[in-house]
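Per the numbering used here, residue -18 is the first one in the sequence shown, and the count goes up by one each step. Note sheet for the following structure.
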Amino acid sequence: MTMLKGPAAVLYGRGSSGGIINRVTKKPLATPLAEVGVVVGTERQKRAEFDLNTSINDDAIRARITGAVEDSGGFRNDYFLRRQAISPSFLFNLAPDTKLTVQFDYLHDKRIADQGGPAYRGRPVDVPIGTRYGSADAGAGNVESTVKSVTGTLDHRFNDKWAFHSVVRNYEYSLGRNNYTTVSRVTDGPIPTVTLSVNQRNRNDRGTLWQNELTQKAETWGIQHTLLYGIELGYQDKSDRVAGAPGTTTYNLFNPTLQVT
């Protein structure tokens, strides 16, 4: 991850004046690579990952593929996290000064919908840290997202002073929040209660971005300069639908007996 603060973030294209976070992906290498890793942790964490790289035809083509699978639990009751990711990429050395990189990305993430514990009298409610407020069917109350993208990058060096860089990217993103519970209100009394609302959200994003940069190196009066000329074109479409049922269920604040929502 590359974090760039301030107005200079516009060098990466679209972004706010406050800064931008640039995700740098793994690209094909000239040397062979084969790595496999397994992560096992507390709270039932289980993750496997791999990274394979090769080159063929005297380095005319490089290929790399990375991936990971995760099936983990957590310290919260009924918590689960399931992820699958794969990212193949190819680099074509078209000429000594020209190369084309093509990358694909797929990520699927599904986890329990858990908003944590409610506040009571100005502080977090005093219950065991694993206490969950939500649907008794943890599998039905989930947050699920899928991200797919393909990126093509062309780099060409004309000479020692001029270079061209072009990136085109197409992506699709979907998000589903199913039986997503939120705290509607906490009622004080002899037996304090918490009332939850249930929400459903479906979001879909897709877009295509094309960024072009021309770099020039120049010298005036012994001072070296690097000049950047660029243009970016993009199309994005987003749909977001939200539905909710306020005040669906009410529980004992300190001893919630969850119901299926």
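For glycine and all other residues, C-beta sits at the position ideal for the given N, C-alpha and C.
**Helix, strand or coil at N34 according to DSSP, with G and I counted as helix** = strand
**Cβ shell of L214 (< 6 Å), same chain only, five flanking positions each side left out** = W191
**Request:** Look at the alpha carbon of P105 and the alpha carbon of R138, and state the distance between them as a whole number of angstroms.
**Result:** 59 Å
**Prompt:** Buried or exposed: Q84, going by 16 or more other Cβ atoms within 10 Å of its Cβ?
**Reply:** buried
**Message:** Determine whether the beta carbon atoms of T162 and V179 lie at a separation below 9 Å.
**Reply:** yes
**Request:** Put R222 into one of helix, strand or coil per three-state DSSP.
**Result:** strand
**Request:** Please check the pair V128 and N151, which I expect to be a contact at CB under 8 Å, by giving their CB distance rounded to whole angstroms.
**Result:** That belief does not hold up - the Cβ atoms of V128 and N151 are roughly 12 Å apart, past 8 Å.
**Prompt:** Quick check: the stretch 71 to 78 against the stretch 113 to 125, are there 3 or more CB pairs under 8 Å?
**Reply:** no
**Prompt:** Would you report the Cα separation of T79 and D218, rounded to the nearest angstrom?
**Reply:** 33 Å
**Asked** With C-beta atoms as the reference, is Y101 less than 9 Å away from L177?
**Response** no
**Request:** Would you check if the distance between the CB atom of R166 and the CB atom of V124 is smaller than 9 Å?
**Result:** no
**Nearest-angstrom Cα separation, counted from Q96 out to Y25** = Note that residue 25 is Arg in the sequence shown here, rather than Tyr. Approximately 20 Å, taken between the alpha carbons.
**Message:** Is the beta carbon of T82 closer than 9 Å to that of K8?
**Reply:** yes
**Request:** Could you check what DSSP says for A11 in three-state terms: helix, strand or coil?
**Result:** coil
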